[in-house]
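This note's numbering applies: residue 36 is where the sequence shown begins, and numbers increase by one.
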Amino acid sequence: MTFRRRGRAPVPGREWVLHTMERWLPLSEQFVHALVTGSRHPGVVVARRPLENTDVFPYQPVRSLRRVPTRWPTARNEQRLVTAGLMTLTARYHPALVHHHHGYGAGSSLGFVRRRGVPFVVSLHGEDVTSDARRHPGHLARVLEVADAVVVPSRFLMGLAVEIGAREESVYVIPSGVDTQVFAPTPLPGGSPEVVFVGRFVEKKGVDTLLAAWPSVRSRVPSATLRLVGFGPLETLVPSVGPGVVVEEAQPTRRGVQVREAIRGARLVVTPSRTASDGDSESLLLVNLEAQASGRPLVTTRHGGIPEFVDDGRTALLVPEADPAALAQAMVRVLTDEDLALRLASAGPAWVAQFEVSRCTSRVDALYDRLIGAAA
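Structure (structure tokens):
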């Protein structure tokens, strides 16, 4: 049954959705903000922890269960407290559906879902499946078994979700989209070529593989420079690489502008992601979509869900993960073959159009409509 806001019948296709999550909102999760703000279903957001970055991600109504403890003696007590908090915070809205973002803490919303008798959607994004589920076996499985729909960004993550316990027929592959208004094509820059990497300096992003490959690239293309946009523990490897490497610290509060400008200055974008030692893997890698939308050649890895979001040989060159020699060879090809660089650059925007953010959000809205209609 669809629960109605007091005194006003819901407009079909405009029923309220309760968005629950651990945190609103880490700076790296602009895709969650894009979905909530872009949906035609009005949403009320409730986070388990104190609100953060509300200036970067403005939205109303957003509430926090900050007075609810983060640890409880038993799961039953946890669920009871969260249910009571959600009932209080959403009393004005009577949501017709609950959408929990990430696998973390998804089980705590189940009490509210059962109390209200509304459909339950869980979005999985990557680490919550590729590594966290391994650390906490069984927790996510129980949630996925009862979810009415599980949304994942890639077929790669769909396979892992089914392995954990999701019913295959309940899993929907809907990527996090790219804003093609922000990331629009511009001509390839001339002059000395700049190779750009955007991402955290951590194991999964393969920055160590890139730094190992760079001396070989530099020996073949002496005028090339490598710009690393990000931050993280592996930055300590940079001084040992030699000349031609520039580190630009990421500015998370202006992520879109900084990444757009870095990509526009690039002759080549490189993303050498690989499987981390804890199993963490890429489920999509948004910067690859942003690079292709911007009309930039891309060298990336045959890893996780990445191959689903490039057209190998047409918009990007795929290489094996954790292979510095193959990575260097592909980068040199693009930097020394003008025709190849132009072909890759020109094909990117049309390819990425299928992943435009409004299209992806519309698919989520269509899923909401089906579930709400079936429950009415």
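Yeah, the Cβ is synthetic: ideal placement off N, Cα and C, and Gly gets one too.
Inset, instruction - At 3 residues or longer, and completely inside the stretch 46-83: list those beta strand (DSSP E) runs for me, N to C. - result: Entirely contained in the stretch 46-83, the beta strand (DSSP E) runs reaching 3 residues are, in chain order, 52-56 and 78-82.
Inset, instruction - Taking 7 Å as the cut-off, decide whether the C-beta atoms of T350 and A382 are in contact. - result: yes
Inset, instruction - Alpha carbon to alpha carbon, how far is R75 from P27? Give it in angstroms, no decimals. - result: Outside the shown range of the chain, which is 36 to 411, sits residue 27, and nothing can be said about it.
Legend entry - Contacts around G300, its chain only, beta-carbon distance under 8 Å, and the 5 residues preceding and following it disregarded: For G300, where only same-chain residues beyond five positions count, the Cβ hits under 8 Å are P224, E229, V231 and R262.
Legend entry - Coarse secondary structure for E180, derived from DSSP in three states: helix
Legend entry - CB contact flag (H478, V156, <7 Å): Because the chain in this structure spans residues 36 to 411, residue 478 falls outside the shown range and cannot be described.
Inset, instruction - Ignoring anything shorter than 3 residues or poking outside the stretch 261-347, list the beta strand (DSSP E) runs there in chain order. - result: Residue ranges of uninterrupted beta strand (DSSP E) with 3 or more members, entirely inside the stretch 261-347 and ordered along the chain, are 280-284, 303-306 and 333-336.
Legend entry - Distance CB(P355)-CB(A363) smaller than 7 Å: no
Legend entry - Backbone CA spacing between G145 and A285 [nearest angstrom]: Correcting the residue identity first, residue 145 is Leu in this sequence and not Gly. So the alpha carbons of these two residues sit roughly 37 Å apart.
Inset, instruction - State the Cα-Cα distance for the pair G277 and R255, rounded to the nearest angstrom. - result: 14 Å
Inset, instruction - Would you kindly work out how many angstroms separate the C-alpha atoms of K239 and G78, rounded to a whole number? - result: 33 Å
Inset, instruction - To the nearest angstrom, report how far apart E203 and V197 are at their CA atoms. - result: 6 Å
Inset, instruction - Classify Q389 as buried or exposed, calling it buried when 16 or more other Cβ atoms lie within 10 Å of its own Cβ. - result: exposed
Inset, instruction - Compare the C-alpha of R115 against each of Q293, D183, L100 and V322 and name the closest. - result: L100
Legend entry - Proximity winner among L370, V237, R149 and T89, relative to L303 (alpha-carbon distances): L370
Inset, instruction - Note down the Cα distance separating G265 from E64, rounded to an integer number of angstroms. - result: Each residue's Cα considered, the two are about 15 Å apart.
Legend entry - C-alpha distance - L321 paired with P130, whole-angstrom precision: Rounded to the nearest angstrom, the two C-alpha atoms are 30 Å apart.
Inset, instruction - Assign S227 to one of three DSSP states: helix, strand, or coil. - result: Of the three classes helix, strand and coil, the one that applies to S227 here is coil, per DSSP.
Legend entry - Own chain, CB closer than 7 Å to R43, minus 5 neighbours either side, in chain order: Low per-residue confidence applies at R43: pLDDT is 48, beneath 50, and the placement is therefore not dependable enough to give any value.
Inset, instruction - Run the CB neighbour count on T9, radius 10 Å, all protein chains shown included, and call it buried at 16 or more, exposed below. - result: As shown, the chain starts at 36 and ends at 411. That puts residue 9 outside it, with no answer to give.
Inset, instruction - With a threshold of 16 other CB atoms inside 10 Å of the CB of N323, please say whether the residue is buried or exposed. - result: buried
Inset, instruction - Classify E391 as helix, strand or coil using the three-state DSSP reduction. - result: In the displayed model, E391 falls within a strand according to three-state DSSP.
Inset, instruction - Starting from R190, follow the alpha helix (DSSP H) in both directions and report where the run begins and ends. - result: R190 to I199
Legend entry - Assumed close pair G241, P307 - CB separation to whole angstroms, cut-off 8 Å: 4 Å
Legend entry - Buried or exposed by the 16-neighbour rule on C-beta atoms within 10 Å, applied to D183: buried
Inset, instruction - Kindly indicate which three-state DSSP category A351 falls into: helix, strand or coil? - result: The three-state reading of DSSP puts A351 in strand, counting E and B together.
Legend entry - Beta-carbon gap between V97 and A141 smaller than 7 Å: no
Inset, instruction - Can you give me the Cβ contacts of R405 inside the same chain, cut-off strictly under 7 Å, excluding the 5 residues immediately before and after it? - result: Once the five neighbours on either side are set aside, R405 has no close Cβ partner at all.
Inset, instruction - Sort out for me which residues DSSP pairs Y207 with in a bridge. - result: V186
Inset, instruction - For E413, I'd like the list of residues in its chain whose CB is within less than 6 Å of its CB, leaving aside the five on either flank, ordered along the chain. - result: Nothing about residue 413 can be reported from this structure: the residues present for the chain run from 36 to 411 only.
Legend entry - Beta-carbon proximity list for T105, same chain, < 8 Å, skipping 5 on both sides: Residue placement at T105 is flagged as unreliable, the pLDDT there being 49, under the threshold of 50; the coordinate-derived value follows with that caveat. Around T105: R83 and R84.
Legend entry - Delimiting residues of the alpha helix (DSSP H) encompassing F155: Per DSSP, F155 belongs to no alpha helix (DSSP H); it is in the beta strand (DSSP E), F155 to S158.
Inset, instruction - Measure the C-alpha to C-alpha separation of V334 and A259 and round it to an integer number of angstroms. - result: 15 Å
Inset, instruction - Kindly list the residues whose CB is nearer than 6 Å to the CB of L53, restricted to its own chain and excluding five residues on each side of it in sequence; keep chain order. - result: V79, T125, P130 and V133
Inset, instruction - Look at the Cβ atom of V213, then the Cβ atom of A328, and state whether they are nearer than 7 Å. - result: yes
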